[in-house]
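Single-structure report; data block below.
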């Protein structure tokens, strides 16, 4: 058995949506977590959260064995900020990068007590759409990540017991109403803390990203419009 002090210490950065959070883990144990819940302050707040985490746990960069980030989907800008910051840390300190799918984190925070249910992890994609992935109660990903209109997704999966969670549910619960009441909503919140287990598994398997080519799995490019010129 590996002594606690010899377990790998990982830094986790979660930047998929409006808020951002960081965590530190030693082995499979969460040792620190902190979050900034306000909207899209990633560029200014993420460095401060990282600094506070390192100082609180009296860590230096030689003790960090990898940096784990949300791989997407999620907000294009938020994911890009997280990836850029993580890659800069990895380059500067010669440590590997781990990417964990965002929807895996949402599933990991859900109540999975019904063995027969299909679990739908969602992220709000606006316009009555969600990023989603389907899981069984054992955590196996059955489908996704992908993008779908909520009504089309419900039509496909509502022949069985469904439990749906994440911001795609929290922000638009009225769209998940089904006449047969087969859909149970789980208004789950997630943070960098949920990355501990998935990131450690990837670390143990050597599942690291190529720093020179890595980009998050955005699924959607940003909706950029050009202002009309005044006549």
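Residue numbers (my numbering): 1415 to 1645. Ideal placement from N, C-alpha and C gives every residue a C-beta, glycine not left out.
Return the CA-CA distance between residue i and residue j, expressed in angstroms with no decimal places.
i	j	result
residue 1502	residue 1628	12 Å
residue 1467	residue 1553	29 Å
residue 1461	residue 1422	22 Å
residue 1619	residue 1426	17 Å
residue 1585	residue 1475	38 Å
Quick one: does the C-beta of residue i sit closer than 7 Å to a heavy atom of the ligand ZN?
i	result
residue 1593	As presented, the structure is devoid of all ligands, the ligand ZN included, so that no description of it is given.
Taking 8 Å as the threshold (C-beta atoms), are residue j and residue i in contact?
i	j	result
residue 1492	residue 1512	no
residue 1604	residue 1523	yes
residue 1687	residue 1630	Absent from the structure is residue 1687, since the part of the chain shown begins at 1415 and ends at 1645.
residue 1579	residue 1535	yes
residue 1430	residue 1537	yes
residue 1547	residue 1529	no
residue 1432	residue 1453	yes
residue 1594	residue 1566	no
On a Cα-Cα basis, can you pick out the residue from the options that is closest to residue i?
i	options	result
residue 1557	1521, 1528, 1529, 1625	1521
residue 1518	1608, 1451, 1616, 1423	1608
residue 1561	1487, 1515, 1451	1487
residue 1597	1545, 1436, 1427, 1570	1570
residue 1443	1615, 1626, 1625	1615
residue 1516	1544, 1626, 1507, 1464	1544
For residue i and residue j, which I take to be in contact (beta-carbon distance under 8 Å), what is that distance rounded to the nearest angstrom?
i	j	result
residue 1632	residue 1533	That belief does not hold up - the Cβ atoms of residue 1632 and residue 1533 are roughly 23 Å apart, past 8 Å.
Where in the region 1558 to 1594 do unbroken runs of the alpha helix (DSSP H), each at least 4 residues long, occur, reported from the N-terminal end onward? 1564 to 1571, 1581 to 1584
Which full runs of the alpha helix (DSSP H) of 4+ residues lie inside the region 1478 to 1508, going along the chain? 1490 to 1507
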